[in-house]
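Student: I have a structure I would like to understand better, so I am pasting it below and will then ask my questions one at a time.
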Amino acid sequence: MYPEEDLGPAEERMTLFLIQYWGGPRGYSERRGHPRLRMRHAPFRVDRAAQGAWLRHMRAAVDTLHLRQDLEEQLWGYFVSAAAVMINTPEEPATPQDPRPPGRPKSASLALLRRKPL
Ligand code: HEM
Numbered sequence: 043m044y045p046e047e048d049l050g051p052a053e054e055r056m057t058l059f060l061i062q063y064w065g066g067p068r069g070y071s072e073r074r075g076h077p078r079l080r081m082r083h084a085p086f087r088v089d090r091a092a093q094g095a096w097l098r099h100m101r102a103a104v105d106t107l108h109l110r111q112d113l114e115e116q117l118w119g120y121f122v123s124a125a126a127v128m129i130n131t132p133e134e135p136a137t138p139q140d141p142r143p144p145g146r147p148k149s150a151s152l153a154l155l156r157r158k159p160l
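Numbering of the sequence shown is given in this note's numbering, commencing with residue 43 and proceeding in unit increments.
Now the structure itself:
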């Protein structure tokens, strides 16, 4: 999904962004301008599958750091919530289906609906 063959520049952008996000030098914005991360992800299809893959890789990376537990929780919590915000492509809607299977009398299907929790 990353368009460049060489992932070095992408790694550098991510590194600079994270340094800046956590209060360090503003190298990211000096080179790239305002982060506007949702907008920068707009050209890419970020769906639940991409989010899952991204988080799996980040989880593996975070695991290599052996951070203190509170710091790890803070970092991981940030990644999980930021990744959810980055989703820009909803899943395909399920095929629309008549909730009443053919042949089933209307009253029975209404009874089924009534039993569903709200
Ligand atoms: C949800 C799953 C995500 C996917 C599939 C994804 C994918 C991508 C892709 C394909 C790019 C373009 C490669 C590049 O030019 O660098 C990119 C850029 C970037 N992503 Fe993500 N991303 C995700 C989540 C996140 C999150 C949560 C963050 C921040 C915590 C983030 C930070 C960045 C940054 C800083 C860039 C470089 C932006 C730029 O300056 O052009 N991404 N991402």
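We put the CB at the ideal spot given by N, CA and C, even for glycine.
Residue range of the alpha helix (DSSP H) that residue 47 falls in?
Tutor: What you label residue 47 is simply residue 5 of the sequence shown in a count that begins at 1. Here residue 47 belongs to no alpha helix (DSSP H), and DSSP marks it neither H nor E.
Student: Between residue 85 and residue 59, which are expected to be in contact by the criterion C-beta below 8 Å, what is the C-beta distance as a whole number of angstroms?
Tutor: As a first step, residue 85 is located in the sequence shown; it is residue number 43 there, counting from the start. As a first step, residue 59 is located in the sequence shown; it is residue number 17 there, counting from the start. Contact doesn't hold; Cβ gap of about 17 Å is too wide.
Student: Would you report the Cα separation of residue 99 and residue 74, rounded to the nearest angstrom?
Tutor: Here residue 99 refers to the residue found at position 57 of the sequence shown. Here residue 74 refers to the residue found at position 32 of the sequence shown. Those two C-alpha atoms are separated by around 24 Å.
Student: May I ask you to check if the CB of residue 104 is nearer than 7 Å to at least one heavy atom of the ligand FAD?
Tutor: Inclusion of the ligand FAD in the displayed structure is not the case, the ligand content consisting of the ligand HEM alone.
Student: From the DSSP output, in three-state form, read off residue 86 for me.
Tutor: Within the sequence shown, residue 86 is the residue found at index 44, counting from 1. Coil.
Student: State buried or exposed for residue 127, treating a residue as buried only when at least 16 other CB atoms are found within 10 Å of its CB.
Tutor: Counting from one through the sequence shown, the residue named residue 127 turns up at place 85. So residue 127 ends up on the exposed side.
Student: Quick test of the definition: if touching needs 3 or more C-beta pairs under 8 Å, does the segment 96-115 touch the segment 61-75?
Tutor: No: fewer than three Cβ pairs fall under 8 Å.
Student: Please go through the segment 85-134 and give each complete alpha helix (DSSP H) segment of 4 or more residues, from N-terminal end onward.
Tutor: Runs of the alpha helix (DSSP H) inside the segment 85-134: 90-105 and 111-128.
Student: Between which residues of its own chain and residue 129 is the CB-CB distance below 6 Å, once the five residues before and five after are set aside?
Tutor: Within the sequence shown, residue 129 is the residue found at index 87, counting from 1. Answer for residue 129: 88 and 93, listed in chain order.
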